[in-house]
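Student:
Structure, rendered in structure tokens:
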């Protein structure tokens with residue numbers, strides 16, 4: 191039976207996964223153009239996709255055990271990336287973006303998949319204090335930005351990780367989940383007044399305006415984005431790997447990121463114009479594709495290798 195790295199990292203398999211966002215991006219550009227928006231607005235999506243594909247393939251060839259050992263450093267990098275948003279001019283008082291020339295990159299949606307990886311690694315490595323510290327720091331920054339949408343999406347992933355961690359005491363579970371929830375409350379108290387950009391935050395509504403078939407196509411295209419996480423969670427769980435928890439947390443985070451777009455003015459990932467969600471999705475894929483992806487951190491599992499069917 192072929193191991194997970196063998197199935198996921200073969201070039202044919204990698205190509206099939208990296209192409210998953212294309213239907214959403216193409217449909218988003220077509221819908222926006224039908225409503226008078228230039229397709230040039232989606233140029234950043236395309237550039238981010240090209241870069242993201244390369245990143246995902248590169249990560250697929252890295253050592254999983256080495257990547258997990260970097261969890262403390264990844265956690266620090268996540269906090270630095272989110273804090274860096276305050277170095278750039280705000281948009282109507284909101285600090286969510288890193289300005290790269292004419293492009294504004296949503297920092298949280300790029301950093302959050304790495305936050306999930308760092309949290310999983312810290313919990314598996316018996317460092318719940320550092321994990322709770324990462325949750326606290328991340329949510330405080332979300333509250334300061336403010337970004338209630340990403341705070342809520344992160345909460346979904348945090349709950350999966352903390353509740354699902356079998357060796358973690360209930361005290362730490364309550365601390366992690368409770369502090370993440372408090373971060374959502376803080377961000378909501380500072381709810382922003384940013385206006386929705388139709389081809390960014392309301393692209394699904396524009397698709398619905400084109401008719402039911404277009405809306406259904408949009409929902410299917412967005413659903414494709416969750417396939418790697420679902421596939422990974424099911425396959426790794428079948429193999430009795432602790433890594434299934436990470437795949438589930440990543441899936442919960444992206445489901446939350448999709449859901450909050452109907453709650454407030456938050457960007458529809460990949461289908462809406464914007465490079466950040468595209469890069470964030472490919473970071474997620476790269477983590478799942480990482481060569482040697484098996485739940486081996488110390489003695490966290492006795493399974494020598496995992497199989498993703």
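In the numbering used here, the protein residues as written are 191 to 499. Glycine included, every Cβ here is placed at the ideal spot set by N, Cα and C.
Tell me whether the beta-carbon of residue 396 lies closer than 9 Å to the beta-carbon of residue 210.
Tutor: Not in contact: residue 396 and residue 210 (Cβ atoms no closer than 9 Å).
Student: Which residues in the same chain have their Cβ closer than 7 Å to the Cβ of residue 383, if we skip the five residues on either side of it in sequence?
Tutor: 282
Student: Specify the secondary structure class of residue 207 as computed by DSSP and reduced to three states.
Tutor: Residue 207: helix per DSSP, three-state reduction.
Student: Tell me where the alpha helix (DSSP H) around residue 293 begins and ends.
Tutor: Counting along the chain, residue 293 falls outside any alpha helix (DSSP H), though it belongs to the beta strand (DSSP E) covering 293-296.
Student: Could you tell me whether the Cβ atoms of residue 217 and residue 398 are closer together than 9 Å?
Tutor: no
Student: For residue 258 and residue 346, what's the separation of their Cα atoms in angstroms?
Tutor: Answer to the nearest angstrom: the Cα atoms are 21 Å apart.
Student: Does the stretch 360-373 come close enough to the stretch 452-466 to have 3 or more Cβ pairs within less than 8 Å?
Tutor: no
Student: Quick one: Cα of residue 241 to Cα of residue 358, how far?
Tutor: 37 Å
Student: Going by DSSP in three states, residue 458 sits in which element: helix, strand or coil?
Tutor: Residue state, collapsed to three classes: coil.
Student: Between the Cα of residue 377 and the Cα atoms of 430, 326 and 309, which residue gives the shortest distance?
Tutor: 326
Student: To the nearest angstrom, how far is the alpha carbon of residue 330 from that of residue 372?
Tutor: Each residue's CA atom was taken as its position, placing residue 330 and residue 372 some 9 Å apart.
Student: Kindly confirm or deny that the stretch 259-279 and the stretch 430-441 touch, where touching means at least three C-beta pairs closer than 8 Å.
Tutor: no
Student: Have a look at residue 337 and residue 306 and give me their C-alpha separation to the nearest angstrom.
Tutor: So the two alpha carbons sit approximately 17 Å from each other.
Student: Note down, in chain order, each residue of its chain lying with its Cβ closer than 6 Å to the Cβ of residue 200, except the 5 sequence neighbours on either side.
Tutor: For residue 200, the predicted structure reports a pLDDT of 45, less than 50, and the residue's modelled location is therefore unreliable. The matter cannot be settled from this model.
Student: Tell me the rounded alpha-carbon separation between residue 224 and residue 286.
Tutor: 29 Å
Student: To which residues of the same chain is residue 243 closer than 7 Å at the C-beta, ignoring the five residues directly before and after it?
Tutor: 208 and 472
Student: Hey, how far is the Cα of residue 319 from the Cα of residue 230?
Tutor: 46 Å
Student: Does the distance between the C-beta of residue 384 and the nearest non-hydrogen atom of the ligand ADP fall short of 8 Å?
Tutor: The ligand ADP is not part of the structure shown, which contains no ligands of any sort.
Student: Could you tell me the alpha carbon to alpha carbon distance between residue 463 and residue 469, rounded to whole angstroms?
Tutor: 12 Å
Student: Quick check: the Cα distance between residue 360 and residue 424, rounded to an integer number of angstroms?
Tutor: 25 Å
Student: When DSSP labels each residue in this structure, what does residue 304 get in the three-state scheme?
Tutor: helix
Student: Output the distance between the C-alpha atoms of residue 339 and residue 256, rounded to the nearest integer angstrom.
Tutor: 32 Å
Student: Are three or more beta carbon pairs between the stretch 447-457 and the stretch 347-356 nearer than 8 Å?
Tutor: No, they do not touch.
Student: Pick helix, strand or coil for residue 287, following the three-state DSSP scheme.
Tutor: strand
Student: Here's the rule I'm using: 16 or more other beta-carbon atoms within 10 Å means buried, otherwise exposed. How should residue 474 be labelled?
Tutor: Flag for residue 474 reads buried.
Student: If the criterion is Cβ atoms closer than 9 Å, does the pair residue 295 and residue 466 meet it?
Tutor: It is a contact, given that the beta carbons lie within the stated cut-off.
Student: Please report the residue range of the alpha helix (DSSP H) in which residue 433 lies.
Tutor: Note, residue 433: alpha helix (DSSP H), 433-449.
Student: Can you find the residues in the same chain that come closer than 8 Å, C-beta to C-beta, to residue 391, ignoring five residues on each side of it along the sequence?
Tutor: 451, 455, 456, 457, 458 and 462
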